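Going letter by letter, the sequence shown gives residues -20 to -1, 1 to 314 in mature numbering (1 follows the signal peptide of the UniProt record, and there is no 0). Where is the CB? At the ideal position from N, CA and C, for every residue including glycine. Just so it is clear, the structure is predicted and the values come from calculations on it, not from any experiment.
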Amino acid sequence: MKIKLFIILITTCLCFKAPAQDPIFSQYFMVPETINPAFSGFEQATYFGVLHRTQWPYLDLQVDTNYAFFNTWLDTASNGIGIGASVLNQRESSTSYNHFQFNTNFTYIIGLNNDWFFRPAIEIGYGMKSFNFRNLLLSDQININAGTVNANSNDPFAANANDKIGFVDFTAGFVFDKKNRGNDTDLWLGAAIKHLNRPNISFLNNGNVPLDILYTIHANYKFPYFDYNDMILSANYMQQGAYNRLDLAATAKLNKLFLGAMAVTNPAKNSGNSHLLTSINALVGVEFERLRFGFSYDFNTSNIGRTDGVYELSITYLAACLVCRNPTNNERRK
(Lines of atoms letter the chains of each structure in order from A and count residues from 1; the text may use other names and numbers.)
(Lines give C-alpha, C1' and ligand atoms only; values in the text may rest on other atoms or scores of the structure.)
Protein backbone atom coordinates (compact mmCIF):
# COMPACT_ATOMS: atom_id res chain seq x y z
CA MET A 1 0.00 0.00 0.00
CA LYS A 2 2.76 2.46 0.92
CA ILE A 3 4.77 1.72 -2.25
CA LYS A 4 1.68 2.42 -4.34
CA LEU A 5 1.10 5.61 -2.36
CA PHE A 6 4.65 6.79 -3.02
CA ILE A 7 4.26 6.10 -6.74
CA ILE A 8 1.04 8.12 -6.84
CA LEU A 9 2.65 11.00 -4.95
CA ILE A 10 5.74 11.13 -7.16
CA THR A 11 3.61 11.00 -10.29
CA THR A 12 1.47 13.86 -8.99
CA CYS A 13 4.36 16.07 -7.85
CA LEU A 14 6.93 15.46 -10.57
CA CYS A 15 5.28 14.61 -13.85
CA PHE A 16 5.15 17.30 -16.49
CA LYS A 17 1.35 17.73 -16.39
CA ALA A 18 0.74 17.38 -12.68
CA PRO A 19 -2.89 18.31 -11.84
CA ALA A 20 -2.05 19.88 -8.46
CA GLN A 21 -5.13 21.07 -6.57
CA ASP A 22 -5.49 23.61 -3.78
CA PRO A 23 -6.88 22.76 -0.34
CA ILE A 24 -10.54 23.82 -0.11
CA PHE A 25 -12.33 24.40 3.19
CA SER A 26 -15.96 23.35 3.63
CA GLN A 27 -16.54 26.51 5.70
CA TYR A 28 -15.20 28.90 3.06
CA PHE A 29 -18.54 30.77 3.11
CA MET A 30 -17.99 31.40 6.84
CA VAL A 31 -14.38 32.50 6.20
CA PRO A 32 -14.43 33.64 2.54
CA GLU A 33 -10.88 34.99 2.81
CA THR A 34 -9.81 31.42 1.99
CA ILE A 35 -11.13 31.71 -1.59
CA ASN A 36 -10.80 35.42 -2.41
CA PRO A 37 -8.45 38.15 -1.05
CA ALA A 38 -11.14 40.78 -1.79
CA PHE A 39 -12.86 39.79 1.47
CA SER A 40 -10.13 41.49 3.50
CA GLY A 41 -11.81 44.07 5.72
CA PHE A 42 -15.23 42.82 4.67
CA GLU A 43 -16.71 43.09 8.16
CA GLN A 44 -15.51 46.69 8.60
CA ALA A 45 -13.51 45.80 11.70
CA THR A 46 -10.33 44.06 12.80
CA TYR A 47 -10.84 40.31 12.98
CA PHE A 48 -8.76 37.17 13.05
CA GLY A 49 -9.29 33.46 13.37
CA VAL A 50 -8.22 29.90 12.65
CA LEU A 51 -9.52 26.95 10.65
CA HIS A 52 -8.55 23.31 11.15
CA ARG A 53 -9.44 20.52 8.73
CA THR A 54 -8.78 16.77 9.05
CA GLN A 55 -9.54 14.71 5.94
CA TRP A 56 -10.02 10.94 5.76
CA PRO A 57 -8.56 10.00 9.19
CA TYR A 58 -9.40 6.30 8.67
CA LEU A 59 -7.15 5.94 5.62
CA ASP A 60 -3.37 6.04 5.22
CA LEU A 61 -3.98 9.25 3.26
CA GLN A 62 -5.00 11.45 6.22
CA VAL A 63 -4.43 15.14 5.45
CA ASP A 64 -4.42 17.88 8.10
CA THR A 65 -4.80 21.51 7.01
CA ASN A 66 -4.52 24.59 9.21
CA TYR A 67 -5.31 28.17 8.21
CA ALA A 68 -4.84 31.30 10.33
CA PHE A 69 -5.81 34.78 9.15
CA PHE A 70 -5.86 38.43 10.18
CA ASN A 71 -7.83 41.23 8.49
CA THR A 72 -8.54 44.86 9.23
CA TRP A 73 -10.48 47.71 7.65
CA LEU A 74 -9.22 51.29 7.35
CA ASP A 75 -11.90 53.94 6.88
CA THR A 76 -10.35 56.65 4.71
CA ALA A 77 -11.70 60.06 3.71
CA SER A 78 -12.94 58.80 0.34
CA ASN A 79 -13.37 55.05 0.35
CA GLY A 80 -11.96 52.20 2.42
CA ILE A 81 -8.97 49.86 2.48
CA GLY A 82 -8.80 46.25 3.57
CA ILE A 83 -5.49 44.71 4.63
CA GLY A 84 -4.93 41.09 5.57
CA ALA A 85 -2.47 38.27 6.08
CA SER A 86 -2.84 34.50 6.27
CA VAL A 87 -0.82 31.36 6.91
CA LEU A 88 -1.65 27.96 5.42
CA ASN A 89 -0.08 24.66 6.47
CA GLN A 90 -1.03 21.29 4.98
CA ARG A 91 0.51 17.94 5.92
CA GLU A 92 -0.02 14.36 4.78
CA SER A 93 0.49 12.04 7.76
CA SER A 94 1.70 8.92 5.94
CA THR A 95 4.17 10.60 3.56
CA SER A 96 5.23 13.67 5.62
CA TYR A 97 4.58 15.82 2.55
CA ASN A 98 4.12 19.42 3.77
CA HIS A 99 2.92 22.63 2.14
CA PHE A 100 3.40 25.92 4.02
CA GLN A 101 2.41 29.30 2.58
CA PHE A 102 2.27 32.89 3.87
CA ASN A 103 0.09 35.45 2.06
CA THR A 104 -0.51 39.19 2.36
CA ASN A 105 -3.40 40.91 0.61
CA PHE A 106 -4.69 44.41 -0.13
CA THR A 107 -8.25 45.46 -1.02
CA TYR A 108 -9.45 48.86 -2.20
CA ILE A 109 -13.12 49.50 -1.38
CA ILE A 110 -15.04 51.73 -3.80
CA GLY A 111 -18.53 52.98 -3.02
CA LEU A 112 -21.01 52.74 -5.90
CA ASN A 113 -24.64 53.82 -6.28
CA ASN A 114 -27.59 52.25 -4.45
CA ASP A 115 -25.50 50.93 -1.52
CA TRP A 116 -23.28 48.78 -3.76
CA PHE A 117 -19.54 48.45 -3.20
CA PHE A 118 -16.74 47.22 -5.45
CA ARG A 119 -13.66 45.57 -3.88
CA PRO A 120 -10.73 44.77 -6.21
CA ALA A 121 -7.83 43.00 -4.46
CA ILE A 122 -4.40 41.50 -4.95
CA GLU A 123 -2.56 38.88 -2.91
CA ILE A 124 1.15 38.07 -2.82
CA GLY A 125 2.38 34.89 -1.17
CA TYR A 126 5.44 32.76 -0.67
CA GLY A 127 5.02 28.99 -0.52
CA MET A 128 7.27 26.14 0.54
CA LYS A 129 6.79 22.43 -0.13
CA SER A 130 8.82 19.62 1.39
CA PHE A 131 9.04 15.85 1.11
CA ASN A 132 11.57 13.40 2.53
CA PHE A 133 12.63 11.49 -0.59
CA ARG A 134 15.11 9.45 1.43
CA ASN A 135 12.14 7.40 2.66
CA LEU A 136 11.45 6.24 -0.90
CA LEU A 137 12.48 2.81 -2.07
CA LEU A 138 13.51 2.87 -5.74
CA SER A 139 13.60 -0.15 -8.06
CA ASP A 140 17.39 -0.41 -8.38
CA GLN A 141 17.70 -0.79 -4.58
CA ILE A 142 15.80 -4.08 -4.61
CA ASN A 143 17.79 -7.24 -5.33
CA ILE A 144 15.11 -9.88 -5.80
CA ASN A 145 17.52 -12.79 -6.36
CA ALA A 146 19.46 -12.12 -3.17
CA GLY A 147 16.42 -10.95 -1.22
CA THR A 148 18.23 -7.80 -0.10
CA VAL A 149 17.65 -4.04 -0.27
CA ASN A 150 20.53 -1.67 -0.96
CA ALA A 151 20.82 1.45 1.15
CA ASN A 152 21.69 3.73 -1.82
CA SER A 153 20.29 4.19 -5.31
CA ASN A 154 22.01 5.02 -8.61
CA ASP A 155 18.78 6.26 -10.15
CA PRO A 156 19.20 9.83 -11.55
CA PHE A 157 16.01 10.80 -9.76
CA ALA A 158 17.66 10.26 -6.36
CA ALA A 159 20.45 12.69 -7.22
CA ASN A 160 18.20 15.37 -8.74
CA ALA A 161 15.32 15.48 -6.23
CA ASN A 162 15.12 18.32 -3.72
CA ASP A 163 13.58 17.79 -0.30
CA LYS A 164 12.38 21.43 -0.19
CA ILE A 165 11.29 23.99 -2.77
CA GLY A 166 10.03 27.58 -2.54
CA PHE A 167 7.96 29.73 -4.88
CA VAL A 168 6.28 33.13 -5.16
CA ASP A 169 2.51 33.13 -5.75
CA PHE A 170 0.13 35.85 -7.04
CA THR A 171 -3.67 36.08 -6.79
CA ALA A 172 -6.19 38.69 -7.97
CA GLY A 173 -9.87 38.95 -7.13
CA PHE A 174 -12.88 41.21 -6.72
CA VAL A 175 -16.21 41.33 -4.91
CA PHE A 176 -19.40 43.32 -5.50
CA ASP A 177 -21.54 43.60 -2.36
CA LYS A 178 -24.75 45.37 -1.39
CA LYS A 179 -25.59 46.62 2.10
CA ASN A 180 -29.00 47.24 3.63
CA ARG A 181 -30.04 50.05 5.96
CA GLY A 182 -28.67 48.23 8.98
CA ASN A 183 -25.17 48.20 7.44
CA ASP A 184 -25.44 44.44 6.92
CA THR A 185 -24.67 42.70 3.62
CA ASP A 186 -27.62 41.19 1.75
CA LEU A 187 -25.80 40.06 -1.39
CA TRP A 188 -22.25 39.58 -2.64
CA LEU A 189 -20.83 38.35 -5.93
CA GLY A 190 -17.15 37.67 -6.45
CA ALA A 191 -14.43 35.97 -8.47
CA ALA A 192 -10.74 35.23 -8.01
CA ILE A 193 -7.83 33.89 -10.05
CA LYS A 194 -5.14 32.13 -8.02
CA HIS A 195 -1.57 31.30 -9.17
CA LEU A 196 -1.57 33.97 -11.88
CA ASN A 197 2.17 33.52 -12.38
CA ARG A 198 1.88 29.70 -12.52
CA PRO A 199 4.78 29.05 -10.09
CA ASN A 200 7.08 26.11 -10.73
CA ILE A 201 6.45 23.42 -8.07
CA SER A 202 8.80 20.72 -9.40
CA PHE A 203 10.99 18.96 -6.81
CA LEU A 204 13.58 18.12 -9.50
CA ASN A 205 16.60 20.26 -10.38
CA ASN A 206 15.83 22.04 -13.66
CA GLY A 207 12.32 20.56 -13.54
CA ASN A 208 9.31 22.52 -14.76
CA VAL A 209 5.87 21.78 -13.27
CA PRO A 210 3.74 24.97 -13.48
CA LEU A 211 1.00 25.06 -10.88
CA ASP A 212 -2.40 25.16 -12.56
CA ILE A 213 -4.38 28.41 -12.29
CA LEU A 214 -7.41 28.15 -10.02
CA TYR A 215 -10.52 30.06 -11.14
CA THR A 216 -13.39 30.57 -8.73
CA ILE A 217 -16.76 32.34 -9.00
CA HIS A 218 -18.95 32.69 -5.91
CA ALA A 219 -22.16 34.28 -4.67
CA ASN A 220 -23.98 34.66 -1.38
CA TYR A 221 -27.54 35.90 -0.74
CA LYS A 222 -29.10 36.51 2.68
CA PHE A 223 -32.76 37.23 3.32
CA PRO A 224 -34.86 37.39 6.51
CA TYR A 225 -37.55 34.99 7.59
CA PHE A 226 -39.74 34.98 10.70
CA ASP A 227 -38.46 37.35 13.43
CA TYR A 228 -34.75 38.30 13.39
CA ASN A 229 -33.78 35.10 11.58
CA ASP A 230 -31.88 34.84 8.30
CA MET A 231 -31.57 32.31 5.49
CA ILE A 232 -28.25 32.31 3.60
CA LEU A 233 -27.85 30.74 0.15
CA SER A 234 -24.32 30.27 -1.19
CA ALA A 235 -22.74 28.93 -4.38
CA ASN A 236 -19.10 28.51 -5.40
CA TYR A 237 -17.70 27.18 -8.67
CA MET A 238 -14.01 26.25 -8.96
CA GLN A 239 -11.91 25.16 -11.93
CA GLN A 240 -8.27 24.05 -11.77
CA GLY A 241 -6.76 22.26 -14.73
CA ALA A 242 -9.10 19.51 -15.89
CA TYR A 243 -10.92 19.41 -12.57
CA ASN A 244 -13.89 21.43 -11.40
CA ARG A 245 -16.23 21.60 -8.44
CA LEU A 246 -19.57 23.25 -7.74
CA ASP A 247 -20.79 23.75 -4.16
CA LEU A 248 -24.36 24.70 -3.30
CA ALA A 249 -25.16 25.56 0.32
CA ALA A 250 -28.07 26.73 2.46
CA THR A 251 -27.64 27.99 6.04
CA ALA A 252 -30.34 29.03 8.50
CA LYS A 253 -29.42 31.54 11.19
CA LEU A 254 -31.65 31.07 14.24
CA ASN A 255 -30.78 33.98 16.52
CA LYS A 256 -27.20 33.03 17.51
CA LEU A 257 -27.24 29.51 16.02
CA PHE A 258 -26.21 28.48 12.48
CA LEU A 259 -27.48 25.27 10.87
CA GLY A 260 -26.47 24.49 7.31
CA ALA A 261 -25.87 21.88 4.62
CA MET A 262 -23.82 21.88 1.43
CA ALA A 263 -23.91 19.67 -1.66
CA VAL A 264 -20.44 19.19 -3.19
CA THR A 265 -20.60 18.20 -6.86
CA ASN A 266 -18.10 17.22 -9.56
CA PRO A 267 -19.59 18.45 -12.87
CA ALA A 268 -16.57 17.35 -14.97
CA LYS A 269 -16.72 13.67 -13.86
CA ASN A 270 -13.17 13.13 -15.16
CA SER A 271 -13.35 9.34 -15.11
CA GLY A 272 -15.96 6.66 -15.60
CA ASN A 273 -16.01 6.02 -11.84
CA SER A 274 -16.58 9.67 -10.94
CA HIS A 275 -19.70 10.76 -9.09
CA LEU A 276 -21.65 13.94 -9.69
CA LEU A 277 -22.42 14.27 -5.97
CA THR A 278 -19.25 13.61 -3.95
CA SER A 279 -20.30 14.63 -0.43
CA ILE A 280 -22.94 16.25 1.75
CA ASN A 281 -21.45 18.66 4.30
CA ALA A 282 -23.32 19.48 7.49
CA LEU A 283 -22.57 22.64 9.51
CA VAL A 284 -23.45 23.83 12.99
CA GLY A 285 -22.20 27.12 14.40
CA VAL A 286 -22.84 29.63 17.15
CA GLU A 287 -22.21 33.36 17.13
CA PHE A 288 -21.77 35.62 20.12
CA GLU A 289 -21.16 39.37 20.12
CA ARG A 290 -17.51 39.04 19.03
CA LEU A 291 -16.92 35.29 18.65
CA ARG A 292 -18.08 32.86 15.99
CA PHE A 293 -17.56 29.08 16.22
CA GLY A 294 -18.24 26.61 13.43
CA PHE A 295 -18.06 22.82 13.13
CA SER A 296 -18.70 20.87 9.95
CA TYR A 297 -18.59 17.24 8.88
CA ASP A 298 -18.43 15.98 5.28
CA PHE A 299 -20.40 12.79 4.58
CA ASN A 300 -18.77 10.98 1.66
CA THR A 301 -21.25 9.83 -1.02
CA SER A 302 -18.79 8.20 -3.46
CA ASN A 303 -17.49 4.60 -3.60
CA ILE A 304 -14.10 5.43 -2.11
CA GLY A 305 -14.99 3.34 0.93
CA ARG A 306 -14.77 4.07 4.63
CA THR A 307 -12.84 7.28 5.26
CA ASP A 308 -14.43 8.64 8.47
CA GLY A 309 -15.25 11.76 6.48
CA VAL A 310 -13.80 15.24 6.90
CA TYR A 311 -13.88 17.26 10.13
CA GLU A 312 -13.52 21.01 10.21
CA LEU A 313 -13.46 23.57 13.04
CA SER A 314 -13.36 27.36 12.75
CA ILE A 315 -13.02 30.19 15.30
CA THR A 316 -13.27 33.89 14.41
CA TYR A 317 -12.89 36.88 16.75
CA LEU A 318 -14.17 40.35 15.86
CA ALA A 319 -12.24 43.23 17.47
CA ALA A 320 -12.55 47.00 17.19
CA CYS A 321 -11.78 48.82 13.94
CA LEU A 322 -8.28 50.29 13.83
CA VAL A 323 -9.13 53.47 11.91
CA CYS A 324 -12.84 54.29 11.65
CA ARG A 325 -14.43 57.67 11.06
CA ASN A 326 -17.91 56.22 11.49
CA PRO A 327 -17.70 53.12 13.73
CA THR A 328 -20.25 50.45 12.96
CA ASN A 329 -22.42 48.61 15.45
CA ASN A 330 -20.21 45.51 15.07
CA GLU A 331 -23.03 43.51 13.44
CA ARG A 332 -21.77 40.61 11.35
CA ARG A 333 -21.85 41.27 7.63
CA LYS A 334 -21.60 37.66 6.46
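Cβ-based burial, residue i [other Cβ within 10 Å; buried from 16]
i	result
glycine 91	exposed
tryptophan 53	buried
aspartate 227	buried
serine 251	exposed
isoleucine 89	buried
asparagine 235	exposed
aspartate 157	buried
phenylalanine 148	Checking the sequence, you will find valine at residue 148 rather than phenylalanine. With fewer than 16 Cβ atoms within 10 Å of its Cβ, valine 148 is classed as exposed.
alanine 299	exposed
phenylalanine 183	buried
Distance between residue j and residue i (C-alpha atoms, nearest Å)
i	j	result
valine 155	glycine 240	23 Å
tyrosine 297	phenylalanine 28	6 Å
asparagine 188	tyrosine 277	37 Å
phenylalanine 9	asparagine 112	35 Å
serine 294	glutamate 267	12 Å
serine 214	phenylalanine 19	15 Å
threonine 258	methionine 242	11 Å
asparagine 200	isoleucine 122	56 Å
phenylalanine 203	proline 3	30 Å
arginine 220	valine 67	As written in the sequence, residue 220 is glutamine, which differs from the arginine given in the question. Roughly 21 Å between the two C-alpha positions.
tryptophan 96	isoleucine 61	16 Å
asparagine 85	alanine 230	29 Å
asparagine 160	histidine 79	40 Å
proline 12	aspartate 55	21 Å
asparagine 93	leucine 169	16 Å
phenylalanine 275	asparagine 186	43 Å
Helix, strand or coil at residue i [DSSP, three-state]
i	result
alanine 199	strand
threonine 281	coil
alanine 18	helix
proline 100	strand
glutamate 13	helix
threonine 45	strand
proline 81	Inspection of the sequence shows that residue 81 is occupied by glutamine rather than by proline. It is a strand residue.
lysine 233	strand
glutamine 24	coil
alanine 172	strand
phenylalanine -5	Low confidence applies to phenylalanine -5: its pLDDT is 32, below 50, so where it sits in the model is not reliable, and the reading given next is rough at best. Three-state DSSP puts phenylalanine -5 in coil, outside helix and strand.
threonine 75	coil
glutamine 7	coil
isoleucine 295	strand
glutamate 269	coil
isoleucine 62	The identity of residue 62 in the sequence shown is glycine, whereas the question assumes isoleucine. Strand, per DSSP.
proline 190	strand
residue 315	A query on residue 315 cannot be resolved here, the shown segment of the chain reaching from -20 to 314 and no further.
proline 204	strand
Of the residues the options, the one placed nearest residue i, counting alpha carbons only
i	options	result
residue 316	Pro247, Gln35, Arg272 and Ala199	Missing from the structure shown is residue 316; the chain here goes from -20 to 314 and no further.
glutamate 292	Asn180, Val264, Phe203 and Arg270	Val264
glycine 106	Ile145, Arg272, Phe50 and Asn16	Here residue 106 is tyrosine; the residue named in the question, glycine, does not match the sequence. Checked all of Ile145, Arg272, Phe50 and Asn16; the closest Cα to tyrosine 106 is Ile145.
threonine 45	Tyr77, Leu257, Phe273 and Arg99	Tyr77
glutamine 81	Glu23, Ala65, Asn94 and Glu72	Ala65
valine 30	Ser282, Phe273 and Thr281	Phe273
isoleucine 15	Lys159, Tyr195, Asn261 and Ser182	Tyr195
aspartate 210	Leu237, Gln219 and Leu184	Leu237
isoleucine 181	Ala171, Ala172, Asn142 and Asp207	Asn142
asparagine 51	Gln24, Asp288, Gln70 and Asn59	Gln24
asparagine 59	Phe279, Arg99, Thr281 and Asn216	Arg99
alanine 48	Asn69, Asp166, Leu167 and Thr87	Asn69
Cβ distance (whole Å) where residue i is taken to contact residue j below 8 Å
i	j	result
phenylalanine 150	isoleucine 104	6 Å
valine 244	arginine 225	7 Å
isoleucine 197	alanine 152	Not really, about 14 Å apart at Cβ, beyond 8 Å.
leucine 41	serine 6	Leucine 41 to serine 6, Cβ: 18 Å. No contact.
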